Structure formats: structure tokens, C-alpha cells
Amino acid sequence: MTRSRRGLLPRALAALALVGLLAACTPAANSTPTDSSSSDASDTLVVAIPALGSKWGMPDTADDGLLPILTNVRATLIRKPYVETGADTVPGQDLYSFGPYLAKSYDVSEDGLTYTFHLRDDITSAAGNPLTVDDVIWSYERKFGAEGGQTPEVNAPAITSASQFSKVDDSTVAVTIASASDGLLLLAVMADYTGYIYDSVLLKEHATADDPYALAWSDSNPNFGFGPYSVGDYVAGQSVDLVKNPGFPSDLGTGPNEVRMRVIPDAGTRFNALSSGDVDMALNLEPQDLAELADSSTITVPTAAKSNAWLIMSMLTNKAPFDDTLVRQAMSYAIPYDQIIDNVYFGRATRGTGGLLDPDAPGYTDENLTVYDYDPAKAKELLAQAGHPDGISFTLTVDSTVPELESAAVQMKTAAAESGLDISIEKVSQSVFFEGRGDHTPQAFLTRDYAISLVPSYELRLYTHPDSRNNLADWTSTEFENLVTAAEAEPDPLSDAAGVKWSAAENYLVNESPLNFVAAIQPALAYSSTVDGFVWRTDQFVDYTQITKSK
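Residues -31 to -1, 1 to 520, numbered by mature numbering (1 follows the signal peptide of the UniProt record, and there is no 0), are exactly what the sequence shown covers, in order.
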């Protein structure tokens, strides 16, 4: 299967480019040497990826191009178990329960304020150091103490300080929280990449008086985790090889002996490399290519039972015209939702409820939740109420490296014109886009994003926390904060009583419309039919320990 629709490298050149990348690897500092000669084809997985950064650091300081790899070289005390989700969908995570990982078990005190984790005694880091309680405590000291480290909005109100962690004995660590209602959020943030545990012995060896947490050293030396893989050969921006960590227990997952990731920046060339069999898996493919591969007998396009990856339109409230709620609501009625799902995502996306909370969460209710359908007459009416009877103009910024964002923007521009909304599309580089997104400089922008936890308090605070660079619309509201706080006070955050309060907060956010959750997007990857074991995760990363490959 080849492509002729766009100007892409021919299949032969794509193969040659990949061969060049395969040969261009040099060992990274603190890497594990790769002995590929001892592995047969079924022990090696070759993956085409769009980008690869150069700064490993902590999750919140690492380059975006490296984040998807970290889940395989680092690990958490607990994790969301993998479960079957249906005959026509890939397995996924059990979103509201938490099982053992680096910890073999955990207990909760009768008052719900103390969580005690019992560590496994058979795990060593990539450097060969055994996992200890000291590693756990120091990891959280690093997250909260290092400059640019763990930001309060990610873990609050469950974890606000490393002082909440205490050593019970050499294999037991306790965490104390202020309110029993924070317990679900505590488990959620400890189960995802904000909860990675680091090899404190190794990092302290490279700490200095000016850099007590070895941040500078860790940026270029990735192997300070307790994950199933370590980084072997690595060339910044080009390639990275993962090799099994011998100190990671096989009962937690096996996977190929080696995972070779190769940067192929162009999505069409990744498509060709997968179609021709040069790679086993290709990440971040375009929706039209995934639709084309859907009926292939040699390639699998996975379908998840649900998706938490959203196409989000952010309307910046710190400047005109979106400092006016009526204008934001007008834009929300001017978006051609079904048209975008059909024409941009070829059906591999869903409209959802209009909000961002998981509709399958225990206790969830969408009673009285506003849903914006495409209604240009309503949009025009709201613009007139806002004092713009002749319409308005604004600039919509998109990341030029994500073609589907421009496609969606074009659909919006055409459909919104009927309401009197004149949209200019601005394409910028990825670095400029993310700088503007964090600094809140555009008038509006489209992005793909997701919440790594579907716990309601995490989802609602993720994009709205005051003063956060992740507050996508630079929007704050005391009333909204009070609604979220009231829901967080419910003893059981997944009860029906809590669900009513979460719904009130969600509805307030939707009505104010600083963000529009346009569509939930299916996984944007595909793999050879010889590959099995892909599991949908809320962080959108691939857990290679679950992958098997037939010869």
C-alpha cells in the first residue's frame, strides 16, 4: 500500500532513510549498550516516531518528544490495571481502581487519611540500585523542591508537599492527606507520570551544591528510573533504542528485548514505512491515513472503547474579542462539529457530551449540561447581543506540524463565516506554538490535549488552575473554583451526590466557554498485524511491556 495523494518521499526513499537512521546510532551517556546481534526479529520492535527531544529531566521539564518514552524507562508505585473493554476495541485501563506496580500492595487507614505502600524487594534501577523507601521520599522532595519541578496544580489538593511522605520501615512508606475525600486523587496522580520514582543513589552522586537534585545531569542521562526498559543507543532528534532492564520483574510485563524508535518527521513517510514493512509501528499518523488503513489485512488500526484525547479550541480571555462570554458562546455555536468529525477525522472521533468529564464515571450526570450544536443563527444573535451586529474578526493559531489542526481550522473558518465570524488562520512552528500556548499570547488556538487522569477534580482543574501555563484560555473564575471545591468536599468523589456537584462545575465551565472540547479523538497510531498487545492508556503512551511480535 503506497500513497500518491501528496508529495512524499517514495517508498524506496523512505526505506533508505530508515536504514540510514538504523545505522546512525551512537551510545548515550549513562546508556546500556545494545547487543542487537543476539536478538531475532521477534525480539526487536521498530517504531516510527515524529520527533525526539534532547532533554530527559523530570516529566514536567522533559522535552515533549521524550515524554512518550518515559513510561517505559520509569515507573510508579501503583498503576491503573489493564482490562478488556470489548470485542471490537483494544484493552484499556481500569480508570478508577489502582493495582500494584513498584509497590506490591497498599493499605488505607480507617479514617482514610493515611495510605501505606509496601515496596517490592526484587526491583533494581537501570543503574543496578535496589528500590528503597528513601528513593520514594527523595523523589517527591525532588518533584517539589527542584526549580521547574512538580507544579502544585497537578497534585493539589491531594499532595501539596513532600513532607506528607514518611518512612515506616525499610520497605514501607506512608502518605498522609488532609481530607479523606482526596484519596482518589492521591492514587490517581501517584499512578501516572507525575508519580515516577527515581534512583536517588545515582542522582545524588551527580548532585552539586548549586544543583542538589542533579537536574542538569539528568537532562542528558536518562537512566535514573526503575522502569522495565533503559535507554541504550540514543541520538538526539534522530533515534533511541530501549533495552530491557534486567532488574525489572517479568511478572509486571515482558515485551520485546529491544525497541528501536526512529524519527521520521513527515507523517506520510511514516505511513509509507509502515505500509512497506520497514517499521512495525508508526505513531502520530494523519486521520485520513488511519482511515485508509482501517480495512488492511496486514496493518491494525486500534479502536479504543473511549478516548480522552481532545481537539480543543482555546479562546483567550485576556484580550478581545474573547474577553466577552457572549462572543465565546457565539464561537461555540459556529463550530461545525459533525463536519470536522467526518471530514477531518473520517469518523475516528466522537462529539461527546459537550463537556470534558468522563460520562462513564461512577456518579456522573449530564443533567442540564449545555451542548453547543452548529447553529449559525444563534451565533449571529449572540454576537449582536455582544455589540457586534456586523460580526468580528480574529486570528486562530495552529501548530504547522499537526496537519489535522489546520484542516479543522479551515472547516471552522468556512462554517463560521455564515455567523459573521471572520477567521484568519495562522500557522506557526511547534516551538512558537507551545511558547504562545504557555504565555497566553494568541487570540485563539486549536490543540490536541488530554488529561492523564479522568478523576473529576483533576480534569476540571487541569486547564483552569489560576496562574498556570496549562490554563489554556487564561481564564479564572471564583464561582467556578467554589463549585469545584464544594464537589471535592464530598466524602466519596464518585458518589451520586458528588456527581451532581461535579456536573454543576462542568456546566459552569461549558457555559462560560473559554474552552470548547470539539471532539474526542481515537488513537493516532497503527501497527503491523504481526504485533499484538497494544493497550489504550489515558496518557496516550505505548506500554511496550505488553507488546508481543510474531516471527
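Here a beta-carbon is modelled for each residue, glycine too, at the ideal position from N, C-alpha and C. Only a predicted model underlies this, so the values are computations on that prediction, with no experimental measurement involved.
DSSP-derived helix/strand/coil call for residue i
i: PHE503; result: coil
i: GLN308; result: helix
i: ARG111; result: helix
i: PHE240; result: helix
i: TYR477; result: helix
i: ASN485; result: strand
i: GLN298; result: helix
i: LYS136; result: strand
i: ALA(-3); result: For ALA(-3), the predicted model reports a pLDDT of 42, less than 50, meaning its position is unreliable and no value from the coordinates is stated.
i: PRO215; result: coil
i: TYR162; result: helix
i: VAL102; result: helix
i: THR334; result: coil
i: MET230; result: strand
i: SER78; result: coil
i: LEU88; result: strand
i: MET27; result: coil
i: TYR419; result: strand
i: ARG48; result: strand
i: TRP471; result: helix
Neighbourhood of residue i by C-beta, 7 Å cutoff - its chain only, sequence neighbours within 5 removed
i: GLY216; result: ILE92, THR93, SER94 and GLY97
i: THR370; result: GLN399
i: ASP251; result: Residue identity differs from the one stated: residue 251 is Ala in this sequence, not Asp. Contacts found: ALA17, ARG239, PHE240, ALA242, LEU243, LEU494 and ALA495.
i: LYS382; result: ILE392 and ILE394
i: GLN257; result: PHE315
i: ALA187; result: In the sequence on display, residue 187 carries Ser and not Ala. Answer for SER187: TRP25, GLY26, LEU172 and PHE193, listed in chain order.
i: TYR477; result: GLU448, PHE449 and LEU452
i: ASP104; result: ILE166, TYR167, ASP168 and SER169
i: ALA176; result: TYR182 and ALA183
i: TYR432; result: ASN439, ASN440, LEU441 and LEU484
i: ASP90; result: SER140
8 Å Cβ shell around residue i - same chain, five flanking residues per side excluded
i: VAL52; result: PRO60, GLY61, GLN62 and ASP63
i: THR322; result: PRO328, ASP335, LEU338 and VAL340
i: SER482; result: MET284, THR294, ARG297, GLN298, MET300, SER301 and TYR341
i: LEU36; result: PRO28, TYR162 and PHE510
i: GLY68; result: ILE47, ARG48, LYS49 and PRO50
i: residue 528; result: It is not possible to answer for residue 528, since the shown part of the chain is limited to -31 through 520.
Expected contact under 8 Å - CB spacing of residue i and residue j to nearest Å
i: ALA72; j: ILE106; result: That pair is no contact at about 14 Å.
i: GLN515; j: GLY222; result: 6 Å
i: ASP491; j: ALA273; result: A small correction: the amino acid at residue 491 is Gln; Asp does not occupy that position in the sequence shown. About 6 Å separates the two Cβ atoms, so the contact holds.
i: ASP139; j: VAL102; result: 6 Å
i: ALA456; j: ALA474; result: 6 Å
i: TYR419; j: TRP279; result: 6 Å
i: HIS434; j: GLU122; result: 4 Å
i: VAL232; j: SER265; result: Their Cβ separation, rounded to whole angstroms, is 24 Å, which puts VAL232 and SER265 out of contact at 8 Å.
i: ALA157; j: SER464; result: Contact flag wrong, Cβ pair sits at about 16 Å.
i: GLY152; j: VAL270; result: Their Cβ separation, rounded to whole angstroms, is 38 Å, which puts GLY152 and VAL270 out of contact at 8 Å.
Classification of residue i by the beta-carbon crowding that lies within 10 angstroms, buried from 16 upward
i: ASP391; result: exposed
i: LEU(-16); result: Annotation note: pLDDT 42 at LEU(-16) (below 50); position unreliable, no value reported.
i: LYS349; result: buried
i: GLU116; result: exposed
i: GLY164; result: buried
i: VAL137; result: exposed
i: VAL142; result: buried
i: ALA178; result: exposed
i: GLY316; result: exposed
i: GLY224; result: buried
i: ASP202; result: buried
i: THR366; result: buried
i: ASN287; result: exposed
i: residue 521; result: In the structure displayed, the chain extends from -31 to 520; residue 521 sits before or after that span and is not available.
i: GLU227; result: buried
i: LYS518; result: buried
i: GLU79; result: exposed
i: THR416; result: buried
i: THR267; result: exposed
i: residue 582; result: Absent from the model: residue 582. The displayed extent of the chain is -31 to 520, so no value can be given.
Contact set for residue i: own chain, Cβ-Cβ below 6 Å, skip 5 residues either direction
i: GLN308; result: GLN380
i: ARG111; result: TYR182
i: SER388; result: ALA303, PRO345, ALA348 and LYS349
i: ARG43; result: TYR165, GLY194 and GLY196
i: LEU172; result: ALA183 and PHE193
i: THR364; result: SER393, GLU395 and GLN412
i: ILE310; result: ALA318 and ALA488
i: TYR131; result: The sequence shown places Ala at residue 131, not Tyr. Here the set comprises TYR109, GLU110 and PHE113.
i: MET230; result: VAL16, ILE18 and VAL209
Proximity test, residue i beta-carbon vs the ligand ADP heavy atom, cut-off 8 Å
i: GLY468; result: Among the components of this structure there are no ligands whatsoever, and the ligand ADP is therefore not found.
Q. Hey, is the region 235 to 247 in contact with the region 14 to 24, meaning 3+ C-beta pairs nearer than 8 Å?
A. yes
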